[in-house]
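Numbering (this note's numbering), first residue to last: 172 to 613.
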């Protein structure tokens, strides 16, 4: 494991997040109803403390909007980290889910079922790959891709036993399992959970020269480079045009697989069906999740060639729920909805409008606007008010009070990612809420 200087990135931000006291939580909840407070108190008393959610208790969702237990309406500009691309409770997805749930939900892979074959054909044809290995969560997809890459490295490339290495980009995020945090440069992900997984190395994101230098120095042992086309958790970091295509060329040169983590960027979120399409690239392996089910059920998939997928034999990898008939029907309905309702095209148009509206605000609090399609972010300039530094978290608290839900990543970045069904009038209304909120801090 390479412990680069990047692993020390943002330690102060991590400490700040972890240092939030119950006093802060109490003040954040002061304006809430007794019903909301009591429901949050149950989580506090009986649940784990591994999340610090915004002080809102949701009870209903439809399209790009959600409602709390008191009936207050909000724009959802997080969309469950891009799992709800098709909008909350999309009627066609819910109908498919209900119909299949009355027939057969789970057979396990000990038996064939009458939906898996149909799904495998549909999803591979949809994205232009030869085969798919179905899983449930995005991080399972990442783990699966790593296993496939290592097996391919040993059996096809000829890497010596137990010497295979996988390269990742600094600031990556693909989950919280031990493998995922072993590739992380965020101390809040890996501190206190060692020892880390061996055979994982790091390079700067969007740095092709360093990528090639790193691979060339040990090309005989690298089996894969796994990267997000746009880094989501890092703050919607968009690389230079052509980065992924050129990275793939470097990988091909040294016989290394390019793995695209499209769990957050895929399924039309960026205005293309896959974010890699912006560069005209077709990675050797693509990982999908989140919106593959429209946010209704855990569904993930690893797409690749026969050469890669068939490296794993019966009994060497699997999941009780992976490829279950309910997930397969949901996956088909979710992808059909994206195309039939032209959500890819809408994401690009509404994304352009969102960034234009944000720029037109000329807010002194916004230092950067970036994104593609409807995966966008603004960087908030910390300001001092009454002796206290106001951060992106504080802005998100006020946005919620004004009817728009979003979440900061790190201390100064706010992601803005509504459902791909959002209309022009809704984008304008939501941007009005953002402008009003930012002005309240000036």
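Each residue gets a CB set at the ideal place from its N, CA and C atoms; glycine is no exception.
Residue pairing of residue 259 in beta bridges, as defined by DSSP: 234. The Cβ atoms of residue 317 and residue 350 sit closer than 8 angstroms to each other.
A residue is called buried once 16 or more other Cβ atoms fall within 10 Å of its Cβ, and residue 247 is buried on that count. Counting the other Cβ atoms within 10 Å of the Cβ of residue 365 gives fewer than 16, which makes it exposed. The C-alpha of residue 509 lies about 26 angstroms from the C-alpha of residue 429. The alpha-carbon of residue 390 is positioned some 11 angstroms away from that of residue 421. In the three-state reduction of the DSSP assignment, residue 592 falls in the coil class, being assigned neither a helical nor a strand state. For the 8 angstroms CB-CB criterion, residue 529 and residue 540 form a contact. Taking the CA atoms as reference points, residue 482 sits about 17 angstroms from residue 337. In this chain, the alpha helix (DSSP H) harbouring residue 298 covers 287 to 298. In this structure, DSSP gives residue 542 an extended state, which the three-state scheme calls strand. For residue 472, the CB contacts under 8 angstroms within the same chain, skipping 5 residues up- and downstream, are 294, 303, 304, 305, 306, 312, 458, 459, 460, 463 and 502 in chain order.
For residue 430, the enclosing beta strand (DSSP E) covers residues 428 to 432. Close CB contacts of residue 468 within its chain, under the 8 angstroms cut and outside five residues either way in sequence, are with 268, 497, 498 and 501 (chain order).
Taking a cut-off of 8 angstroms on C-beta distances, the stretch 586 to 595 touches the stretch 515 to 524, as three or more cross pairs fall below it. Look at residue 404 here: in three-state DSSP terms it is coil, with no helix or strand label. Our two residues, residue 566 and residue 226, have alpha carbons roughly 13 angstroms apart in a direct line. Beta-bridge analysis with DSSP links residue 244 to 238.
In the DSSP assignment, residue 555 is bridged to 560.
With contacts defined by Cβ atoms closer than 8 angstroms, residue 575 and residue 537 do not form a contacting pair. With fewer than 16 other Cβ atoms from the protein chains shown falling within 10 Å of its own Cβ, residue 556 counts as exposed.
Residue state for residue 532 is assigned as coil, using DSSP reduced to three classes. In this structure the stretch 265 to 283 touches the stretch 483 to 497; the number of beta carbon pairs closer than 8 angstroms is three or more. Secondary structure within the stretch 413 to 472: the alpha helix (DSSP H) runs of 4 or more consecutive residues, fully enclosed, are 414 to 424 (chain order). The C-beta of residue 559 has fewer than 16 other C-beta atoms within 10 Å across all chains shown, which makes the residue exposed. Relative to the Cα of residue 241, the nearest Cα in the group 328, 203 and 322 belongs to 203. Taking 8 angstroms as the cut-off, the Cβ atoms of residue 255 and residue 601 do not count as close. By the C-beta density criterion, residue 222 is exposed, having fewer than 16 other C-beta atoms within 10 angstroms.
By DSSP's assignment, residue 302 forms a beta bridge with 475.
Residue 533 sits exposed, since fewer than 16 C-beta atoms from the chains shown fall within 10 Å of its C-beta. Membership of residue 321 in the alpha helix (DSSP H) is indicated by the continuous run 309 to 323. Under the three-pair Cβ rule at 8 angstroms, the stretch 277 to 294 does not count as touching the stretch 437 to 452.
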